[in-house]
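One point on numbering: in this note's numbering, the residue at position 298 of the sequence shown is 1583, and numbering is uninterrupted. Heads up, the beta-carbon is just placed ideally off N, CA and C, and yes, glycines get one too. Here the structure is a predicted model, which is why all the values come from computation and not from measurement.
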Amino acid sequence: MSTYNFSIGNRLSQSRTFRKILRFLSVSRRALFLFVVLFCLFAAKEILPKSIQKIESFDTVTSLNSSLESEWEITASEIDPISVSKAYLSGDRSFSFETFSYKVPGMYTFREPGTDTAFLIKKFIAPKSWTTAGIAVRLGTISDRDKTYLNGTLIGQTGKFSEPLPQAYDKIRVYSIPTELIRKGAENILIIQVRGFFPGKLGIEQDKTAIGNAHSIYKDFYDTEYIKLGFLIVYSTVGFFFLFLYLRKRSSKENFYYGLFTILLVIYQFLRNQTKYDTGIDLIYLKKIEYIAVAFMMPVAYRFNRFYFKFPKLMLTNVLDAVFIGIASFYIFTNDMILHSNVNKNVVQILYLPYVGLMLYYLVKRLIERKKDALLILVAVSVVVVASTIDAMTTRNLIVFPRLLGYAFFVFIVSVATILANRYVKLNQVIEELNEDLEKKVIQRTQELNDTLTEVKHLKVQQDADYFLTSLLINPLSTNHNRSASVKTEFFTKQKKSFEFKNRTYEIGGDINISGNIKLGENRFTAFVNGDAMGKSIQGAGGALVMGTVFNSILARTANTELGSLTPELWLKRSFQELQSIFESFDGSMYISAILGLVEESTGRLLFINAEHPNAVLYRDKKASFISDELDLRKLGIPGNETWFSIQEFRLEKNDVLILGSDGRDDILLGMDGDSRILNEDETAFLKRVEEAEADLGEIGRLIENQGELTDDFTLLKISYIPVLENGSQDQDPYFRNELKSAKEFLKANEAGKAIAVLESAQKLRIADEELLWLLGKSYIKEKQFVRAENCFKRLMFIQPEHSEYLYYLSYCSKINKHFAEAVAVGERLFSLEPDHIRNLINLADLYKTLRNFKLAEELVNRAITIVPDHANALAVKKAIENAKSSATGAAPT
């Protein structure tokens, strides 16, 4: 039996598996023995009382953090730091309060609810001597307020214990120590009275504790903070740079979000910096801003990545963005810092996770698509995520570790700067490739542009010639042929399209005014039309040309055909039907809005039709109003218009003024709102302009142009009703004649201002009296009111079209007002009537000198000097012409 057992044992000892088991048991016994020894040593260190920390020297800096050799103590009992310190230093150890070991740095959590005040105790043995001049103690970030005593003397205090709001729960305390307080070579006791802000938690939460050379402690403190500020300056520069890039190129939204993220980072990091306490702003407001910056950083960072790497737009992130906006609003309108902290830790940081997950997912996806930039951003985001996780654990007091997020953001910013730099390098490479044959391309492109420009100029000349020919056709048709003594008509025209042809400026458009006189039966009427053809430039001009041709034809045929025997209502209907049929024949390519009407000269009876044209305005007793708001008819040319035909009737009273205008009077560009135009939408604004100008067409036009920019053709037609007595003369009101007499006397006495006041008052009685207008025009000239003077002589032209003095003064005032084309036309008309009119010759010569037509100017002034050789004005104009001619040719003036 024994032999059998021995052989089995021998076989086992020779087995390889058996040998491995024996070696394992041998190693395990040694490892178990070592573990038991280490555990006993560790337990001994924890059980045995720790010694008081001995400071070797104050000339350097010694850490006061908890260690295996020395510790801090904490008590929640209410004690007097001064008396406890004195008792301890005197050798009395019989304290009645209980202390507990406290690991510094680290938050201490009390089991007893409601505890918010405690005392931290640190004992140390000072060196016997030192050479440094100053000593300081660094106590880390104490939550929340403290009073620090050394050997029973208060050496520093932060925050007010009576305040309900947080004071400084993330502020690093550094206090100077008077050297005379320290017991050299003996025990010293440091007692810190701490009141926490967050329930049941207080203590030296972060940073480090140290004592020693004051210069070294303060230098270490400020160097660290200023280095951080230096990074923030760099960050802010980068952030504003990219915001500036976004302003220059709005389509690069990634620049905007990267710049915004960097600015938010600067705000957050600054509010984590100790220098924020130098601003003097209460901590609660600083924390509000910090929490808001934290709330927006992750959404903004995600949007940067989304726009740069073209992530798809997701409803989830839009909802999360809205949630973060709500959280930021909550921070703004509430002051509960405890709730703010809980929201930040338990809501904001949790809501970061979807953003992080989406970013990592899409970055990995872009990396698979071989987009190299995604790798850098992926690494940077991973570093930020790890740092954020460690900081979150530190905030929750799970670990004690320095803040890493600021350094992680540096990695993120460097990564983004790298990919953006790569983008610019690639762009420069493309530019260099383009520059290799840029000169050839420029020459080729320049030649192409020159050819195109030549062709455009040729087409422009042809177009302007077409415009000019069309304007020549329209101008004779848009005329004021009314010669009625009781119904006066005046025109104002400002076409939107202007063009140059043979160095002269002309206008062309679709607006047209026409007036004339007809006899229907035994009664005389003034016929008129104010129209606005559809389309711009040549298209509108075509419609105006058709309107002018047809309506002037109707006026001409009325005197020679059966049209003259019609009633005014039937005449209007026949005229409408003829215009409607002609415009309808263009099959929708040409429409025109218009007011077409008749004024019975003897009674002031007004009959008119309104074909979708702006309402007529009545000016009576210095008040302007619309006489009708009925718009039954559509534009002339729209099929089926005859069905809605209707005639409107109105009775004009003595001195009434009727003003018709195209829609250019209302279509005023008031300004711009971004890319959108702000147009006038108030049609009653025109009524205000009429009242302000007292129904003067030139002044109405000036006021409207001052209001804003014209966006359409703009025409006005003014109809004034001035009844005539049966004997053919106007009512000789004695008061009116006395006013004219007084005005003449003022003019003789060179008191033109008083004459104007009298005449303008008398004008209320006679709006278009010839003598009144003559005196008023001369008075305006004496007072240098040339715009009003020009309007007076224009009215006189309707009364006496060939009166030489009226023609001369109208030309002279038009020249002063820089209406050179009209001034030349009127002056040439007078020249054809009276070739030897001296003042007109001099005025025309001066006009042509201004227009740089020196040949005609010299001919005219020489003609004047031939008639009156020593005429001073003629000689002065001749000299001015010679000087202008010399300046134009570069010769020295005489």
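Exercise for the section: With a threshold of 16 other CB atoms inside 10 Å of the CB of TYR1640, please say whether the residue is buried or exposed. Expected result: Counting from 1 along the sequence shown, the entry for residue 1640 is found at position 355. Buried, since its Cβ has 16 or more Cβ neighbours within 10 Å.
Practice task
Please classify HIS1766: is it buried, with 16 or more other beta-carbons within 10 angstroms of its beta-carbon, or exposed?
Solution key: For the purposes of this step, residue 1766 is identified with residue 481 of the sequence shown, where counting begins at 1. The residue is exposed, with fewer than 16 neighbouring Cβ atoms inside 10 Å.
Exercise for the section: Name, in chain order, the residues that DSSP records as bridge partners for SER1348. Expected result: Locating residue 1348 in the sequence shown gives position 63, counting from the first residue. Bridge partners of SER1348: ALA1495.
Handout entry: DSSP beta-bridge partners of TYR1387
Key = Taking the sequence shown and counting its residues from 1, one reaches residue 1387 at position 102. Bridge partners of TYR1387: TRP1357.
Handout entry: PHE1380 versus LEU1349 - alpha carbon distance
Key = For the purposes of this step, residue 1380 is taken as the residue at position 95 of the sequence shown. For the purposes of this step, residue 1349 is taken as the residue at position 64 of the sequence shown. Answer to the nearest angstrom: the Cα atoms are 24 Å apart.
Handout entry: Beta-bridge pairing of ALA2157 - partner residues as DSSP gives them
Key = Working through the sequence shown from its first residue, we reach residue 2157 at position 872. Per DSSP, none; premise fails for ALA2157.
Problem - Chain-order list of residues whose beta-carbon lies under 7 Å from that of ALA2173 (same chain, five-residue window excluded) - result: Residue mapping note: residue 2173 aligns to position 888 of the sequence shown, counting from 1. These residues qualify, in order along the chain: ARG2137.
Exercise for the section: Taking 8 Å as the threshold, find out whether the segment 1351–1361 comes into contact with the segment 1433–1441 through three or more Cβ pairs. Expected result: no
Handout entry: Inter-residue spacing [alpha-carbon to alpha-carbon] between ARG1905 and GLY1946
Key = To locate residue 1905, count along the sequence shown from 1; it is residue 620. To locate residue 1946, count along the sequence shown from 1; it is residue 661. Their Cα atoms are separated by approximately 17 Å.
Problem - Closest Cα partner of TRP2069 within the set GLU2087, ASP2054 and ALA2037 - result: The residue labelled residue 2069 in the question sits at position 784 within the sequence shown. Reading off the sequence shown, one finds Lys at residue 2069, where the question assumed Trp. Cα-wise, what sits closest to LYS2069 is ALA2037.
Problem - Inter-residue Cα distance where the pair is HIS2088 and THR1996 - result: Taking the sequence shown and counting its residues from 1, one reaches residue 2088 at position 803. Taking the sequence shown and counting its residues from 1, one reaches residue 1996 at position 711. THR1996 has its alpha-carbon roughly 38 Å from the corresponding atom of HIS2088.
Exercise for the section: Report yes if the C-beta distance between PHE1343 and ASN1473 is below 9 Å; otherwise report no. Expected result: Position 58 of the sequence shown, counting from 1, holds the residue named residue 1343. Position 188 of the sequence shown, counting from 1, holds the residue named residue 1473. Their beta carbons are not under 9 Å apart, which means PHE1343 does not touch ASN1473 by this criterion.
Exercise for the section: Could you have a look at ASP2131 and say whether DSSP puts it in helix, strand or coil? Expected result: Taking the first residue of the sequence shown as 1, we reach residue 2131 at position 846. In the structure shown, ASP2131 falls within a helical segment according to DSSP collapsed to helix, strand and coil.
Exercise for the section: Please go through the segment 1374–1460 and give each complete beta strand (DSSP E) segment of 3 or more residues, from N-terminal end onward. Expected result: 1385–1387, 1402–1410, 1420–1428, 1430–1435 and 1438–1443
Problem - Segment limits, beta strand (DSSP E) that includes VAL1247 - result: Nothing about residue 1247 can be reported from this structure: the residues present for the chain run from 1286 to 2179 only.
Practice task
Go ahead and label LYS1275 buried or exposed: buried means 16 or more other beta carbons lie within 10 angstroms of its beta carbon, across all protein chains shown.
Solution key: Examination of residue 1275 is not possible in this model, given that the chain is present from 1286 through 2179 alone.
Practice task
Taking GLU2075 and SER2099 to be in contact with their CB atoms under 8 Å, please state how far apart those CB atoms are, rounded to whole angstroms.
Solution key: Within the sequence shown, residue 2075 is the residue found at index 790, counting from 1. Within the sequence shown, residue 2099 is the residue found at index 814, counting from 1. Contact annotation, GLU2075 with SER2099: C-beta distance approximately 6 Å; criterion of less than 8 Å satisfied.
Exercise for the section: Alpha carbon to alpha carbon, how far is ASN1895 from PHE1911? Give it in angstroms, no decimals. Expected result: As a first step, residue 1911 is located in the sequence shown; it is residue number 626 there, counting from the start. As a first step, residue 1895 is located in the sequence shown; it is residue number 610 there, counting from the start. In a straight line, the C-alpha of PHE1911 is about 13 Å away from that of ASN1895.
Exercise for the section: Using beta-carbon positions only, say whether VAL1389 and TRP1415 come within less than 9 Å of one another. Expected result: Locating residue 1389 in the sequence shown gives position 104, where the first residue counts as 1. Locating residue 1415 in the sequence shown gives position 130, where the first residue counts as 1. No.
Exercise for the section: Kindly confirm or deny that the segment 1551–1562 and the segment 1516–1530 touch, where touching means at least three C-beta pairs closer than 8 Å. Expected result: Contact holds: three or more Cβ-Cβ distances are below 8 Å.
Practice task
Return the CA-CA distance between GLN1452 and LEU1568, expressed in angstroms with no decimal places.
Solution key: Start at 1 with the first residue of the sequence shown, and residue 1452 comes out as number 167. Start at 1 with the first residue of the sequence shown, and residue 1568 comes out as number 283. Taking the straight line from one Cα to the other gives about 6 Å.
Handout entry: Three-state secondary structure assigned by DSSP to GLN2048
Key = Numbered from its first residue, the sequence shown carries residue 2048 at position 763. Under the three-state reduction of DSSP output, GLN2048 falls in the coil class, being neither helix nor strand.
Practice task
State the beta-bridge partners of VAL1884 as determined by DSSP.
Solution key: In the sequence shown, residue 1884 corresponds to position 599, counting from 1. Answer is THR1811 and LEU1891.
Practice task
Please name the residue in ASP1952, LYS1939, PHE2031 and ILE1953 whose C-alpha comes closest to that of PRO2008.
Solution key: For the purposes of this step, residue 2008 is taken as the residue at position 723 of the sequence shown. Closest by alpha carbon: LYS1939.
Exercise for the section: Determine which residues share a DSSP beta bridge with SER1910 and list them. Expected result: As a position in the sequence shown, residue 1910 is number 625, starting the count at 1. SER1910 pairs with LEU1903.
Practice task
Run the CB neighbour count on PHE1324, radius 10 Å, all protein chains shown included, and call it buried at 16 or more, exposed below.
Solution key: Taking the sequence shown and counting its residues from 1, one reaches residue 1324 at position 39. Unreliable placement is indicated for PHE1324, whose pLDDT of 46 sits below 50; no coordinate value is reported for it.
Exercise for the section: Kindly confirm or deny that the segment 1561–1581 and the segment 1620–1633 touch, where touching means at least three C-beta pairs closer than 8 Å. Expected result: yes
Handout entry: Simplified DSSP state of GLY1873, which is helix, strand or coil
Key = Position 588 of the sequence shown holds residue 1873. GLY1873 falls in the coil class under three-state DSSP.
Problem - Span separating the alpha-carbon of ALA2169 from that of PRO1924 - result: Taking the first residue of the sequence shown as 1, we reach residue 2169 at position 884. Taking the first residue of the sequence shown as 1, we reach residue 1924 at position 639. Their backbone Cα atoms lie some 60 Å apart in a straight line.
Exercise for the section: Return yes when the Cβ of ARG1842 is within less than 9 Å of the Cβ of LEU1851, no when it is not. Expected result: Position 566 of the sequence shown, counted from the start, is the residue given in the question as residue 1851. Position 557 of the sequence shown, counted from the start, is the residue given in the question as residue 1842. No, Cβ-Cβ distance for LEU1851 and ARG1842 is not below 9 Å.
Problem - Reference PRO1584; option with closest CA among PHE1596, LEU1605 and PHE1592 - result: Indexing the sequence shown from 1 puts residue 1584 at position 299. When C-alpha distances from PRO1584 are compared across PHE1596, LEU1605 and PHE1592, the shortest belongs to LEU1605.
Problem - Alpha-carbon to alpha-carbon, PHE1861 and GLN1780 - result: Here residue 1780 corresponds to residue number 495 of the sequence shown, with the count starting at 1. Here residue 1861 corresponds to residue number 576 of the sequence shown, with the count starting at 1. One C-alpha to the other measures close to 25 Å.
Handout entry: One or two residues paired with ALA1896 in a DSSP bridge
Key = Locating residue 1896 in the sequence shown gives position 611, counting from the first residue. Paired residue(s): ALA1879 and LEU1918.
Exercise for the section: Determine, using beta carbons only, whether ASN1815 and ALA1909 come nearer to each other than 9 Å. Expected result: Taking the first residue of the sequence shown as position 1, residue 1815 is located at position 530. Taking the first residue of the sequence shown as position 1, residue 1909 is located at position 624. Not in contact: ASN1815 and ALA1909 (Cβ atoms no closer than 9 Å).
Exercise for the section: Could you tell me which residues DSSP puts in a beta bridge with PHE1516? Expected result: By 1-based counting over the sequence shown, the position of residue 1516 is 231. The secondary-structure analysis by DSSP pairs PHE1516 with nothing; it has no beta-bridge partner.
Handout entry: GLY1511, buried or exposed, once every other Cβ within 10 Å from all chains shown has been counted against 16
Key = If you number the sequence shown from 1, residue 1511 lands on position 226. Here residue 1511 is Tyr; the residue named in the question, Gly, does not match the sequence. TYR1511 is exposed by the Cβ-count criterion.
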